[in-house]
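See below for the structure under consideration.
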Amino acid sequence: MLNEIALIESRALRASVAERDDVLDKVKQLTLSPDGLHATTKDVAAYFEVGETVIWAVIHDHRAELTSNGYRVLEGEQLTCFKQVCGISSRSRSIGVFSRRAVLNTAMLLRDSIVARQVRTYLLNAEAKHHAVPVDNLFHRLTEWVDERIAEAVAREMATRTETDMARADMTRIAEETVRTAIDRTIVPVLNIAVRNDGEQRARIEALDDEVTRLKRILCEREAAGSMNALDAMNPHQFEQHIAWLCRRDGCDQVTVTGGHGDTGADILAYAPDGRRLVVQCKARTPAATITSGDVQQFIGMAKLDYKADIALLVATCPFTRDALLLAARHDMTAVHRGLLEAWNNGAKLHVLQG
């Protein structure tokens with residue numbers, strides 16, 4: 001049985017219900033372009049009652065999946081034709097369009113949209129009803145069919161024999177031969193198909209078991225550190241380990257917790273998904289504390305000069321001062337302040353890590 005959290009987390013589960021775009025109309029009317037096939041980013045944002053930037057963020061994080069379900073960016077001749085059909089006067093050089101399937105895909109990815117939640121609820125209920133429908137008894141019908149074929153075969157056998165032959169014939173043998181022939185032609189092929197399908201089903205079940213195990217691990221890890229209160233209760237070493245886990249979750253490679261260097265060294269070294277060198281310093285402080293421009297200046301010098309960092313993250317459980325934020329922006333350093341850390345911890349991805 002599917003559940004909402006698993007649906008949001010698992011691309012495989014989303015793919016298994018991607019055809020059920022009929023549930024979109026159960027919640028509200030989806031506005032489509034005059035071609036009747038596509039919705040623009042603006043249409044999708046209006047449907048889910050969120051800003052267009054929210055939809056762009058989903059596209060940024062899940063472009064490959066959305067593309068496989070019908071999202072595409074129109075340019076050149078395609079864009080010109082689309083504008084003519086839809087009466088669009090915009091001078092934009094490209095327009096993103098969604099198929100209904102891509103809109104459903106978006107509904108399965110948007111965590112905080114009320115409309116998206118309603119779509120997921122309808123989708124899960126529809127799946128539950130679908131699996132609850134009793135399966136027709138194939139073997140009951142097959143038995144009736146075999147009985148009919150046996151009766152026909154015996155009748156044909158008897159029709160080809162004279163009365164003298166019938167007197168000599170062993171009717172038991174005739175019946176046995178007829179049954180054997182019917183089984184060879186009907187039951188054996190069905191059993192062969194059943195055996196083959198059983199192997200395929202076992203492979204699918206094993207794949208789903210692996211997916212469920214992965215989801216359980218994610219849920220357990222989130223539950224263990226699912227709030228800022230949990231982060232506030234961590235000691236510096238635990239905080240460093242947790243930030244390292246967040247980096248791994250977002251696709252970073254060769255994540256190493258160095259620690260023990262105080263304010264003069266890196267706490268975490270890693271490589272972003274695109275291969276850029278990542279240097280992280282962690283500050284586990286009370287929420288009432290602040291990160292000053294002096295903290296930022298010291299980290300910038302260390303990260304850029306000593307470690308040749310392409311990406312420098314200063315992660316803290318407290319706010320940054322205004323001067324500290326300005327200094328970080330000026331030197332292309334990412335200040336992961338308390339608010340941003342909370343979002344990152346709750347599942348959002350840091351854009352700087354995505355390239």
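For the sequence shown, the UniProt record's numbering gives the first residue as 1, with consecutive numbering after it. Glycine included, every Cβ here is placed at the ideal spot set by N, Cα and C.
For aspartate 306, the number of other beta carbons within 10 angstroms of its own is below 16, and it is reported as exposed.
When C-beta atoms of the segment 285 to 302 are compared with those of the segment 323 to 331, three or more pairs fall below 8 Å, so the two segments count as touching. It is roughly 12 Å from the alpha-carbon of aspartate 198 to the alpha-carbon of glutamate 206. Taking 8 Å as the upper bound for CB-CB distance, valine 103 and valine 50 are not in contact here, some 13 Å apart.
Boundaries of the beta strand (DSSP E) around phenylalanine 98: 94 to 98. For leucine 79 and glycine 70, the gap between their C-alpha atoms comes out near 16 Å. Just measuring C-alpha positions, the residue of Arg249, Gly87, Ala316 sitting nearest alanine 288 is Ala316. Residue environment: lysine 42 is assigned as exposed (fewer than 16 neighbouring CB atoms within 10 Å of its CB, all protein chains considered).
Under the 10 Å beta carbon count, cysteine 247 is surrounded by 16 or more other beta carbons and is classified as buried. The beta carbon of arginine 63 lies closer than 8 Å to those of Tyr71 in the same chain, with the five residues before and after it left out. As computed with DSSP, lysine 283 is found in a beta bridge with Ala316. Inter-residue distance for arginine 196 and aspartate 147 is about 26 Å (C-alpha atoms, whole angstroms).
CA-to-CA, the gap between alanine 18 and arginine 91 works out to about 33 Å. Beta-bridge partners assigned by DSSP to arginine 277: Tyr271.
Each of Gln354, Glu77, His337, Asp210 was checked against the Cα of aspartate 310, and the nearest Cα belongs to Gln354. Judged by beta-carbon spacing, aspartate 35 lies within the 8 Å limit of valine 85, meaning their Cβ atoms are closer than that value. Annotation: tryptophan 245 to arginine 120 spans about 29 Å, alpha carbon to alpha carbon. Annotated as distal: lysine 308 and arginine 285, with beta-carbon spacing of 8 Å or more. Shown here, glutamate 75 sits in a strand according to DSSP, grouped into three states.
In this structure, the beta-carbon distance from phenylalanine 320 to histidine 331 does not fall below 8 Å. For valine 255, the enclosing beta strand (DSSP E) begins and ends at 253 to 257.
Taking the CA atoms as reference points, isoleucine 243 sits about 11 Å from leucine 269.
In the three-state reduction of the DSSP assignment, isoleucine 311 falls in the strand class. Around the Cβ of asparagine 346, a 10 Å sphere holds fewer than 16 other Cβ atoms; the residue is exposed. In this structure, Glu342 is the residue among Leu313, Cys282, Glu144, Glu342 with its C-alpha nearest to the C-alpha of methionine 228. Cβ-Cβ separation between alanine 46 and threonine 31: approximately 7 Å, consistent with a contact (criterion under 8 Å). Listed in chain order, the beta strand (DSSP E) runs fully inside the segment 23 to 81 are 72 to 75, counting runs of at least 3 residues. Leucine 7 and leucine 110 have their alpha carbons spaced roughly 11 Å apart.
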